[in-house]
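**Student:** Each protein sequence line maps, in turn, to chains A and B.
Using full-length UniProt numbering, the first residue of the first sequence is number 1, and each one after it goes up by one.
Using full-length UniProt numbering, the first residue of the second sequence is number 1, and each one after it goes up by one.
In this text, a Cβ means the ideal position worked out from N, Cα and C, and glycines have one as well.
This is the structure I want to talk about, given as structure tokens.
There are 2 protein chains.
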Amino acid sequence: MPRWEPDGVERLQAAAFELFDEQGFEHTTVAEIAQRAGLTQRTFFNHFADKREVLFGLSSEFQQEIVREIAACADTLPPLDAVVRALQAAADTMFEERRAAVTRRHKIVDANPELQERELSKRAALTDAIAAALHARGLDPEIALLTAGAGMLVQQTAIQRWTQPAESRPLRELLSAALHSLRTTVS
Amino acid sequence: MPRWEPDGVERLQAAAFELFDEQGFEHTTVAEIAQRAGLTQRTFFNHFADKREVLFGLSSEFQQEIVREIAACADTLPPLDAVVRALQAAADTMFEERRAAVTRRHKIVDANPELQERELSKRAALTDAIAAALHARGLDPEIALLTAGAGMLVQQTAIQRWTQPAESRPLRELLSAALHSLRTTVS
DNA sequence: GACAGTGATTGCAGTTTATGAAATCACTGT
DNA sequence: ACAGTGATTTCATAAACTGCAATCACTGTC
Chain A
1 MPRWEPDGVE RLQAAAFELF DEQGFEHTTV AEIAQRAGLT QRTFFNHFAD KREVLFGLSS
61 EFQQEIVREI AACADTLPPL DAVVRALQAA ADTMFEERRA AVTRRHKIVD ANPELQEREL
121 SKRAALTDAI AAALHARGLD PEIALLTAGA GMLVQQTAIQ RWTQPAESRP LRELLSAALH
181 SLRTTVS
Chain B
1 MPRWEPDGVE RLQAAAFELF DEQGFEHTTV AEIAQRAGLT QRTFFNHFAD KREVLFGLSS
61 EFQQEIVREI AACADTLPPL DAVVRALQAA ADTMFEERRA AVTRRHKIVD ANPELQEREL
121 SKRAALTDAI AAALHARGLD PEIALLTAGA GMLVQQTAIQ RWTQPAESRP LRELLSAALH
181 SLRTTVS
């Protein structure tokens, strides 16, 4: 038999997800999470930089996907449209199929300021990555950052709607709508 | 003589500012800050919710000013212009005169991820406050949030430039320029 | 088949952040 | 005089994180 049960990281993530859902983030200790996963507190911190990170395993994957899509996009497409197309591609791949899980996670994060803070931090990192990808396409750095910020604004507006129970339109469509809203709002 | 030296809060802020500047945020303990201010660690936490908050004393004041300006603005002005005008008014009051201090603080925050995270959090709170102020003017909540987000994008772009040593134009002017950049970028 | 090397996990000691509860005591108003 | 206020302090404690050394199934090599 193997020395340890496999998939330690996934088990920790699952345990954390459950416990945060049951008791809330701040009433759950890292020791508790580790115990439910059949591991040690020390091992938790070997895998995650801090208690919050356990909820953000997918964000790096998401970021890579977006950047890849932007790089793959036709150079003739206006920058902001390129960003939104990339978001739409990622929406299909990473959001649409896991609506239940995404909404559940959204609810957990929404219930705790520390987690919201980390979410903002991830969003900022994604913004910078998008800006870098746009800059690689030849866009001026400052305009690139502005465009990336506008793209994230679109993303936020769309996700906001998409996570509401009443909403049934696909995220892809909501992204288009949000982009249109932004354009009329800003002009 | 008074039982305690006056201005405990200010002394803590000043001590923290100095120490973060000298040794960096993470190599400074709360006990150290309190000691330099002639107070106790416990007293520090009586005044500030956590170690980071000591650097964000002005953000609530800033937020109030912005919201006040927006409410005072003519109802005929397009929403985004109202927001940028409010930011310009606050820029004159709270930034232009303290350029040195603002830049120093900016440098400290820039050097530490935890502080950046908190900065983002304050920014998000300000965004929400602006959106609420716009909603109070009759704007649809979702459009209000989008407009507020666009306004903060303008603010960020302008501050970014303003804190660069080479830049000499007043913040007010940079805000106008950034708004123009956003408009051409998004359309 | 022995055997050195790898790497995920663990135990433990220690620092730091943060909080709750009770005590102090100059100052205030009556 | 004297009770009440409130900023501060002391003490105790939980919980988050870190550094370091040790474990030991697994891997490949000779």
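Do G151(A) and L58(A) count as a contact pair if the criterion is CB distance below 8 Å?
**Tutor:** No, these two residues do not count as a Cβ contact at 8 Å.
**Student:** Output, in chain order, the set of chain B residues within a Cβ distance shorter than 7 Å of R105(A).
**Tutor:** The contacting residues do not exist; R105(A) stays about 18 Å from chain B at best.
**Student:** Strictly below 8 Å CB to CB, what residues from chain B border S59(A)?
**Tutor:** Ordered by position in chain B, no residue passes the 8 Å Cβ test against S59(A), which lies about 14 Å from the chain.
**Student:** List the residues of chain B whose Cβ lies closer than 9 Å to the Cβ of E18(A), in chain order.
**Tutor:** Near E18(A) there are no residues of chain B at all, since even the closest Cβ is about 26 Å away, more than 9 Å.
**Student:** Could one say the Cβ of T76(B) lies closer than 8 Å to chain A's Cβ atoms, at least one of them?
**Tutor:** Closer than 8 Å: no.
**Student:** Output the boundary residues of the alpha helix (DSSP H) element that contains P78(A).
**Tutor:** Unbroken run through P78(A): none, as it is neither H nor E.
**Student:** What residue from V83(A), T28(A), R104(A) has the CA that sits closest to A133(A)'s CA?
**Tutor:** It is V83(A).
**Student:** Note down, in chain order, all residues in the region 117-131 of chain A with a beta-carbon under 9 Å from any beta-carbon belonging to chain B.
**Tutor:** Residues E117, R118, L120, S121, R123, A124.
**Student:** Using a Cβ-Cβ cutoff of less than 7 Å, which residues in the same chain neighbour A158(A) once the five nearest sequence positions on both sides are dropped?
**Tutor:** Excluding residues within five positions, the ones whose Cβ falls inside 7 Å are L171, L174, L175, A178.
**Student:** If you check the beta carbons only, do L153(A) and G149(B) fall under 8 Å apart?
**Tutor:** Yes. Within cutoff.
**Student:** For T185(A), is the classification buried or exposed, using 16 other Cβ atoms within 10 angstroms of its Cβ as the cut-off for buried?
**Tutor:** Buried, by the Cβ-count rule.
**Student:** Going along chain B, which residues have a C-beta under 8 Å from S187(A)?
**Tutor:** The answer, in chain order, is R183, V186, S187.
**Student:** Using a cut-off of 8 Å between C-beta atoms, extract the partners of I143(A) located in chain B.
**Tutor:** Within chain B, the residues near I143(A) are S181, T185.
**Student:** Could you tell me which chain A residues have their CB closer than 7 Å to the CB of L174(B), listed as they occur along the chain?
**Tutor:** By Cβ distance, chain A contributes nothing, its closest Cβ being about 11 Å from L174(B), past 7 Å.
**Student:** May I ask you to report which of helix, strand or coil DSSP gives S187(A)?
**Tutor:** The answer is coil: DSSP assigns S187(A) none of H, G, I, E or B.
**Student:** Assess, as a yes-or-no matter, whether the region 10-28 of chain B is touched by the region 39-56 of chain B under the definition of 3 or more beta carbon pairs within less than 8 Å.
**Tutor:** The region 39-56 of chain B vs the region 10-28 of chain B: in contact.
**Student:** Could you check what DSSP says for L171(B) in three-state terms: helix, strand or coil?
**Tutor:** Helix, per DSSP.
**Student:** Sorted by chain position, which residues of the same chain lie with C-beta nearer than 8 Å to D110(A)'s C-beta, five sequence neighbours on each side aside?
**Tutor:** The residues are Q116.
**Student:** Hey, I66(B) and L87(B): beta-carbon distance below 8 Å or not?
**Tutor:** The answer is yes: Cβ separation under 8 Å.
**Student:** So, at 7 Å on beta carbons, what are the nonlocal neighbours of E96(B) in its own chain, with the 5 sequence-adjacent residues on each side left out?
**Tutor:** Hits under 7 Å: P170, L171.
**Student:** Taking just the CA atoms, how far does A34(B) sit from G38(A)?
**Tutor:** Roughly 41 Å between the two C-alpha positions.
**Student:** Going by alpha carbons, who is nearest to S168(B) out of A49(B), D128(B), R99(B), G8(B)?
**Tutor:** Ranking A49(B), D128(B), R99(B), G8(B) by Cα distance to S168(B) puts R99(B) first.
**Student:** Let me know the secondary structure DSSP gives P6(B) once reduced to three states.
**Tutor:** Residue state, collapsed to three classes: coil.
**Student:** Do we get a CB-CB distance below 8 Å when we pair T163(A) with the residues of chain B?
**Tutor:** By this cut-off, T163(A) is not an interface position.
**Student:** Based on Cα-Cα distance, which residue from K122(B), G8(B), D75(B) lies nearest to E61(B)?
**Tutor:** That would be K122(B), whose Cα lies nearest to the Cα of E61(B).
**Student:** Using 8 Å for Cβ pairs, my map puts T163(A) next to T103(A). What's the rounded Cβ distance?
**Tutor:** Confirmed, about 5 Å.
**Student:** Identify which residue in T147(A), E26(A), H180(A), I130(A) has its Cα closest to the Cα of A72(A).
**Tutor:** The shortest Cα separation from A72(A) among T147(A), E26(A), H180(A), I130(A) belongs to I130(A).
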